Structures are given as C-alpha cells and as structure tokens.
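Every number in our numbering is 43 more than the matching position in the sequence shown, counting from 1.
Glycine residues also receive a C-beta, built at the ideal position from the N, C-alpha and C atoms.
The structure presented is a predicted model; accordingly, all values stated were derived computationally and were not measured.
Below is one structure, written out as structure tokens; the observations come after it.
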Amino acid sequence: MIALREEITQFFDIEVFYFMPIRDILVLSTGSGLKCFKRVDYSVETLLFIHGGKEHLVSRGFIDIDRFNLSKEGLPYVMLGDEIYVLTDWIDARECELENPIELKAATEKLAMLHEASIGYTNVPEGARVRDDLGKLLTRFEKRCNEFLRMRKMAEKKKSMFDYEYLFTYSYYFDLAKEALEKLKNSNYLKLCDEAREKRGFIHRDYSYHNILYTHDGDVYIIDFDYLTYDLRIVDLTSFMQKVLKRIHWDIKTGESILNWYSNVSPLNKDELELVYIILLFPYRYWKTCNRYYNGKKSWSEKAFTNKLHEVIAEKEFHYDFIRWLEKQI
44 MIALREEITQ FFDIEVFYFM PIRDILVLST GSGLKCFKRV DYSVETLLFI
94 HGGKEHLVSR GFIDIDRFNL SKEGLPYVML GDEIYVLTDW IDARECELEN
144 PIELKAATEK LAMLHEASIG YTNVPEGARV RDDLGKLLTR FEKRCNEFLR
194 MRKMAEKKKS MFDYEYLFTY SYYFDLAKEA LEKLKNSNYL KLCDEAREKR
244 GFIHRDYSYH NILYTHDGDV YIIDFDYLTY DLRIVDLTSF MQKVLKRIHW
294 DIKTGESILN WYSNVSPLNK DELELVYIIL LFPYRYWKTC NRYYNGKKSW
344 SEKAFTNKLH EVIAEKEFHY DFIRWLEKQI
C-alpha cells in the first residue's frame, strides 16, 4: 500500500495522505482534495479519444463531469506495469434516483445539455482511436432480426423451459423487430447521420442512473464516459428512456415528460421523433434477454433466465400502449 501511494505521488503532482478502496476504485485523500484512482479496461488510444471529448465539453462550458487529472508528463493516464490508470476529482454526490420526477427532469435536461456541448468535437488528440457508430443502426437491426431466427433453431433442438417460453412468444417480438427494421429503412435515418457527421457531436452511450450523480444542491454530474462515440443523440435518449420506462410499466405521461424536458433544452425535429418511435418499437429487452441466454456466457441459472423472460413479457401490453401513443405523436 505504501509503495502504491509512492507510485501515485511519483506520477501526479499531489501529496497522498491515505486512501481507501471502494468497489473498483481507490479514493485518495490528498493535499488537493479527494481524488479517485482507477484502472480502465480500454486502450490508451481509446482513452485519448475519450479525454479529448471531455476536454471539448469543458471548453464549451460543460464542466460537471469526471475530468481526467493530468500527470506530471501532461498525460490523462499513467501506466502501472501493463495496466492503465486514471485520476479524477471525487464528486460529492449520490446516484440519481430516476423514480423521483425532480431528479428525472434534471437528468433529462442534463443529457440535452451534454449533447449540445458535444457538437464540434473535431480537435481529436493525436494518436486517438476515433469511435464512430453513425449509420450502424441499420446493420444492428438486421443482425438482431436474423438472430431471432437463429435462436429459434437453437430452441427447437434444446427444449428446456426457457426454450419453450421462447418458442411460444418469439413470433410477436420478431414481428415487432421486422416492423422496426422496415420503418428504419424507410425513415430519414441516413440523412440524420449525414447531418450529425457535419456537426461532429458525440454521445455518452451509457447514460444510466449509476453514471448520473445528483448533489445536495440539485446539480447533476455525468461520469464514466467509457463508451463515448460519435452517434445520433437519439441513441442516448432512447436508451435512457428504456431504462426509465421499463421500471414504471412504460408510463405514457413520464415518457411524454422526458421528451418535453429534453426538447425544451434541445428541440427534436420530426425525423428525430420518428427515430425515437422506431428504436423504442424494437423489442430490445426481449432480444437482449434471449440473446444472452443463447449466445452469452451463462452467468445466470436456467430459472433466473426464465424469470427474466417472464418479467420482460409482462411488459408487453404496457409497451404496446406506449408505442401506439408515440406513433400518434410523429
């Protein structure tokens, strides 16, 4: 422990008094305040792209993030052996409670502000590995639709309880997936991607409660930009909506509020609203659960997977009502 403390002070211009492990990070007490020291699992090249994106946000006045502290060499990381570590300031806040309408509103507005501030990220650091997912949604939808059929063949051979549940329910969700794919093909998705390439804005890609921190003053901080990439802001927004709405039976009033709160900060045009509808039409949670069972590592038991599938299926009518409401808004 003493050796590690000496290594940290060797790399960073700070004095470390003591540190304490919390989950996967070290919280350091330093002469410059509390800091977080943690290992990252991606490459230096990817880290440079993320760092550049964060610095771009700061340059645009969006400072409520976990900005990397620079080492004595002016780098946003240090190497300890073969592992990459970063240092950030400790943020005195808790995870956002998205069930609370006040905090949900603040988190939604913050996401819109993030997307606005991200525009114009062209000064990518030298040596950075650029991430760009623009235009990939079509391929992703096509792949998932094909996966439905492949999983059906696997289910017909195995015949476990999960297999029977899948065979009994998959046709409804497969039809939704095909409908979403067809609508995406006929939408202005590619036009939106072309416009986004011109703006060079990026998204967070993992905007969930554990990455949204709420302070006692009511401020919102966004952390862990590990998946930062160029893509349509609608990808962030719909992912956020799915995470919120699945917990509250796809409540239409809440969904409408999220869209209004976001649009009040950063207006959505008609093409973007249509894309919100198309992405939320795709039965992502059903596909994800089944794909994890058939193609992922079996980290859950058969019973746990089956219970999860039942939980997703129980949302069917709520999701249907929400989607049909949303369809009328475009």
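On the premise that residue j lies in contact with residue i, defined as a C-beta separation below 8 Å, what is that separation, rounded to the nearest angstrom?
{"i": "Leu141", "j": "Ala155", "result": "Rounded, the Cβ-Cβ distance is 16 Å, inconsistent with contact."}
{"i": "Tyr264", "j": "Ile134", "result": "5 Å"}
{"i": "Arg103", "j": "Ala160", "result": "4 Å"}
{"i": "Leu235", "j": "Leu275", "result": "6 Å"}
{"i": "Thr323", "j": "Leu369", "result": "Checking the displayed sequence, the identity of residue 323 turns out to be Leu instead of Thr. Their Cβ separation, rounded to whole angstroms, is 7 Å, which keeps Leu323 and Leu369 in contact under 8 Å."}
{"i": "Ala136", "j": "Leu177", "result": "Between Leu177 and Ala136 the Cβ distance is about 32 Å, and since that is not below 8 Å, they are no contact."}
Looking only at its chain, what residues have a beta carbon closer than 6 Å to the beta carbon of residue i, apart from the 5 residues adjacent to it on each side?
{"i": "Val287", "result": "Leu141"}
{"i": "Ser114", "result": "Phe54, Phe55 and Val121"}
{"i": "Phe62", "result": "Leu69 and Leu71"}
{"i": "Leu210", "result": "Ala198"}
{"i": "Leu224", "result": "Phe184 and Cys188"}
{"i": "Glu126", "result": "Arg82"}
{"i": "Cys139", "result": "Glu146, Ala150, Tyr252, Ile255 and Tyr257"}
{"i": "Arg248", "result": "Tyr270 and Thr272"}
{"i": "Asp267", "result": "Asn254"}
For residue i, which residues in the same chain have their Cβ closer than 7 Å to its Cβ, ignoring the five residues on either side in sequence?
{"i": "Tyr304", "result": "Per the sequence shown, residue 304 should be read as Trp rather than Tyr. The residues are Lys148, Thr151 and Glu152."}
{"i": "Tyr250", "result": "Leu154, Asp279, Ser282 and Phe283"}
{"i": "Ala171", "result": "Glu88, Leu91, Phe92 and Gly95"}
{"i": "Met44", "result": "Residue placement at Met44 is flagged as unreliable, the pLDDT there being 49, under the threshold of 50; a coordinate-derived value is accordingly withheld."}
{"i": "Pro119", "result": "Leu90, His94, Phe111, Leu113 and Val129"}
{"i": "Leu180", "result": "Leu227 and Tyr232"}
{"i": "Tyr374", "result": "Nothing about residue 374 can be reported from this structure: the residues present for the chain run from 44 to 373 only."}
{"i": "His362", "result": "Trp293"}
Skipping 5 residues on each side, what residues in its chain have a beta carbon closer than 8 Å to that of residue i?
{"i": "Arg243", "result": "Ile162, Gly163, Tyr164, Thr165 and Tyr273"}
{"i": "Ser230", "result": "Asp314, Glu317, Leu318 and Ile321"}
{"i": "Arg328", "result": "Gln285, Lys289, Val355 and Glu358"}
{"i": "Ile106", "result": "Leu100"}
{"i": "Asp67", "result": "Lys81 and Arg82"}
Classify residue i as buried or exposed, calling it buried when 16 or more other Cβ atoms lie within 10 Å of its own Cβ.
{"i": "His353", "result": "exposed"}
{"i": "Gly74", "result": "exposed"}
{"i": "Ile350", "result": "Correcting the residue type first, residue 350 is Asn in the shown sequence and not Ile. Asn350 should be labelled exposed."}
{"i": "Lys97", "result": "buried"}
{"i": "Val59", "result": "buried"}
{"i": "Lys78", "result": "buried"}
{"i": "Leu157", "result": "buried"}
{"i": "Asp218", "result": "exposed"}
{"i": "Thr332", "result": "buried"}
{"i": "Phe365", "result": "buried"}
{"i": "Asp260", "result": "exposed"}
{"i": "Met194", "result": "buried"}
{"i": "Asp206", "result": "buried"}
{"i": "Tyr85", "result": "exposed"}
{"i": "Ala220", "result": "buried"}
{"i": "Ile51", "result": "buried"}
{"i": "Gly124", "result": "exposed"}
From what residue to what residue does the beta strand (DSSP E) around residue i run?
{"i": "Ile356", "result": "That residue, Ile356, is in no beta strand (DSSP E); its alpha helix (DSSP H) goes Glu345 to Ile356."}
{"i": "Leu141", "result": "Careful: Leu141 lies outside any beta strand (DSSP E) and carries neither H nor E."}
{"i": "Phe164", "result": "In the sequence as displayed, the identity of residue 164 is Tyr instead of Phe. Run containing Tyr164: none; DSSP gives neither H nor E here."}
{"i": "Ile68", "result": "Ile68 to Thr73"}
{"i": "Phe410", "result": "Because residue 410 is not part of the residues shown, which for the chain are 44 to 373, the question remains open."}
Span of the alpha helix (DSSP H) holding residue i?
{"i": "Thr332", "result": "Tyr327 to Asn338"}
{"i": "Ile366", "result": "Lys359 to Glu370"}
For this session: Could you tell me which uninterrupted alpha helix (DSSP H) segments, each at least 4 residues in length, are contained entirely in the region 168 to 227, listed from first to last along the chain?
Result: Counting only runs that start and end inside the region 168 to 227, the alpha helix (DSSP H) elements of at least 4 residues fall at 180 to 201.
Exercise. In the region 227 to 314, which residue ranges form an unbroken beta strand (DSSP E) of at least 3 residues, counting only runs that do not cross its ends?
Worked result: Here the runs fully enclosed are 255 to 257 and 263 to 265.
Problem set entry | Length at least 4, wholly inside the region 83 to 129: the alpha helix (DSSP H) runs in chain order | DSSP runs (the alpha helix (DSSP H)) wholly in the region 83 to 129: 87 to 102.
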